[in-house]
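Just so we're aligned, residue 345 is where the sequence shown starts under my numbering, counting upward by one. Accompanying notes for the structure given below.
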Amino acid sequence: MTLDTATAQAQVLDAADRLFYERGVQSVGMDAIRAESGVSLKRLYQLFPAKDRLVEAYLERRNQQWSIMLAEYVDVDQSPRERILAVFDFLHAWFQQRDYRGCAFINSFGELGAVSPKVAELAHDHKAEFRSVLSGLAASAGAADPDRLADHLVLLAEGAITTSAIAGSPLPAVRAKEAAGLLLDATLPA
345 MTLDTATAQA QVLDAADRLF YERGVQSVGM DAIRAESGVS LKRLYQLFPA KDRLVEAYLE
405 RRNQQWSIML AEYVDVDQSP RERILAVFDF LHAWFQQRDY RGCAFINSFG ELGAVSPKVA
465 ELAHDHKAEF RSVLSGLAAS AGAADPDRLA DHLVLLAEGA ITTSAIAGSP LPAVRAKEAA
525 GLLLDATLPA
């Protein structure tokens, strides 16, 4: 049975997501993607003529998924301050996932950023988008300098993401949320 293009592409991206995130981009070959996805090697190369393109599609898809999950936490009916703190609740939930291995963008950048301008660009764009979300939340909360507050919040979040991946614990999200609360108390209008 021949799979339609959308189904085959989804199966390949699902397999790439699991394998790249679990093992790293460089250690996973196209044959492993083929075996995991159940899509023939010929079809795989029709969909993604080079591994570079598959890595890019994997990161683009991860960005979309991450943005949707983050929005589910912050786009609820609560105060602007609580919406900022909900970012750290999102991180806490993410860190508790059984397959959590840190940020796919940081991981991919660490592996390929020096040799793949596109991977570096995708990682940069993902982080810039996250900062933009935080800046918007800070502006909604009445921060005098939303970009500066966003910079501080990004450092807390990114530090929690990396620390949690290394420690294997969701606790860094709790501590980062505590620090964010103190920062908000010091910078937002009463």
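Beta carbons are placed, not taken as given, at the ideal position from N, Cα and C, and that holds for glycine.
Assumed close pair residue i, residue j - CB separation to whole angstroms, cut-off 8 Å
i: residue 478; j: residue 459; result: Not really, about 30 Å apart at Cβ, beyond 8 Å.
i: residue 391; j: residue 356; result: 6 Å
i: residue 508; j: residue 449; result: About 15 Å; that fails the 8 Å criterion.
i: residue 360; j: residue 383; result: Their Cβ separation, rounded to whole angstroms, is 11 Å, which puts residue 360 and residue 383 out of contact at 8 Å.
i: residue 500; j: residue 530; result: With 8 Å as the limit, residue 500 and residue 530 do not qualify as a contact, their Cβ atoms being about 13 Å apart.
Candidates the options: closest to residue i by CA position
i: residue 437; options: 347, 521 and 534; result: 521
i: residue 470; options: 491, 408, 381 and 346; result: 408
i: residue 491; options: 506, 504 and 474; result: 474
i: residue 518; options: 487, 431 and 384; result: 431
i: residue 362; options: 445, 472, 503 and 482; result: 445
i: residue 372; options: 429, 505, 452 and 509; result: 452
i: residue 484; options: 425, 447 and 531; result: 425
i: residue 476; options: 533, 428 and 393; result: 428
i: residue 423; options: 505, 461 and 482; result: 482
i: residue 378; options: 358, 421 and 420; result: 358
i: residue 516; options: 529, 505 and 534; result: 505
i: residue 364; options: 526, 413, 417 and 405; result: 405
i: residue 532; options: 514, 510 and 493; result: 493
i: residue 465; options: 421, 403 and 503; result: 403
i: residue 510; options: 394, 461, 389 and 447; result: 447
i: residue 350; options: 376, 367 and 388; result: 388
**Item:** Three CB pairs or more closer than 8 Å across the stretch 381-399 and the stretch 448-463
**Value:** yes
**Prompt:** Which runs of the alpha helix (DSSP H), 4 residues or longer, sit entirely within the stretch 423-457?
**Reply:** 424-439 and 448-456
**Asked** At what residue ranges does the stretch 348-430 contain a whole run of the alpha helix (DSSP H), taking only runs of 4 or more?
**Response** 349-367, 374-381, 385-391 and 395-418
**Request:** Ignoring anything shorter than 4 residues or poking outside the stretch 498-534, list the alpha helix (DSSP H) runs there in chain order.
**Result:** 515-531
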